[in-house]
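Peer 1: The sequence shown: position 75 = 55 (the working numbering), numbered continuously.
Cβ atoms here follow ideal geometry from the backbone N, Cα and C, with glycine treated the same way.
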Amino acid sequence: MAFLSKWTDKMRRQREVNQDFQRKVHIYEEVRKAKMEWERAYMAFQQAVGEDEIDFAVYTLEAAERRYQIHLKEAKKEEVSWGPLPYGTHY
């Protein structure tokens, strides 16, 4: 019976580790997408001509920058690693 209890505890811990890893991967992907969106908005701002186009580009750039900041803050809070993972994989 003790073996079964140890095994179920080990499986539960492994499931928790996997869920934590998946949450961090999701946060990382959100940061990456927000950064790409911010870069696109910055390029659109650089190429904007005319008052309306510039106003729209500024609005879009500010929104993208704020979204990027929010996701970076969340990643910092969750201690998401940007470096290599065990076994040499990056996320």
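If you draw a straight line from the C-alpha of R46 to the C-alpha of F36, how long is it?
Peer 2: The count along the sequence shown starts at 1 and reaches residue 46 at position 66. The count along the sequence shown starts at 1 and reaches residue 36 at position 56. Their backbone Cα atoms lie some 15 Å apart in a straight line.
Peer 1: Count the other CB atoms, across all protein chains shown, that sit within 10 Å of the CB of V(-3); report buried if there are 16 or more and exposed otherwise.
Peer 2: Taking the first residue of the sequence shown as position 1, residue -3 is located at position 17. Counting Cβ neighbours within 10 Å, V(-3) comes out exposed, since fewer than 16 surround it.
Peer 1: Output needed for I7: all residues of its chain with C-beta closer than 8 Å, excluding positions within five of it in sequence on either side, in chain order.
Peer 2: Looking up residue 7 in the sequence shown gives position 27. Answer for I7: H51, E54, A55, E58 and V60, listed in chain order.
Peer 1: Measuring only the C-alpha atoms, how far is A28 from Q2?
Peer 2: Numbered from 1 along the sequence shown, position 48 holds the residue referred to as residue 28. Numbered from 1 along the sequence shown, position 22 holds the residue referred to as residue 2. Taking the straight line from one Cα to the other gives about 39 Å.
Peer 1: Expressed to the nearest angstrom, what Euclidean distance is found between the alpha-carbon atoms of A43 and A(-18)?
Peer 2: For the purposes of this step, residue 43 is taken as residue 63 along the sequence shown, with counting starting at 1. For the purposes of this step, residue -18 is taken as residue 2 along the sequence shown, with counting starting at 1. Distance between the alpha carbons of A43 and A(-18) is about 55 Å.
Peer 1: Would DSSP call E45 helix, strand or coil?
Peer 2: Walking along the sequence shown from the start, residue 45 turns up at place 65. Of the three classes helix, strand and coil, the one that applies to E45 here is helix, per DSSP.
Peer 1: Taking 8 Å as the threshold (C-beta atoms), are Y48 and A14 in contact?
Peer 2: The count along the sequence shown starts at 1 and reaches residue 14 at position 34. The count along the sequence shown starts at 1 and reaches residue 48 at position 68. Yes, these two residues count as a Cβ contact at 8 Å.
Peer 1: With a 10 Å radius around its C-beta and 16 neighbouring C-beta atoms as the bar for buried, classify V11 as buried or exposed.
Peer 2: Counting from 1 along the sequence shown, the entry for residue 11 is found at position 31. Answer is buried; the Cβ neighbour count reaches 16.
Peer 1: Just the C-alpha distance for I34 and E19, rounded to the nearest angstrom, thanks.
Peer 2: The sequence position of residue 34 within the sequence shown is 54, counting from 1. The sequence position of residue 19 within the sequence shown is 39, counting from 1. Their backbone Cα atoms lie some 16 Å apart in a straight line.
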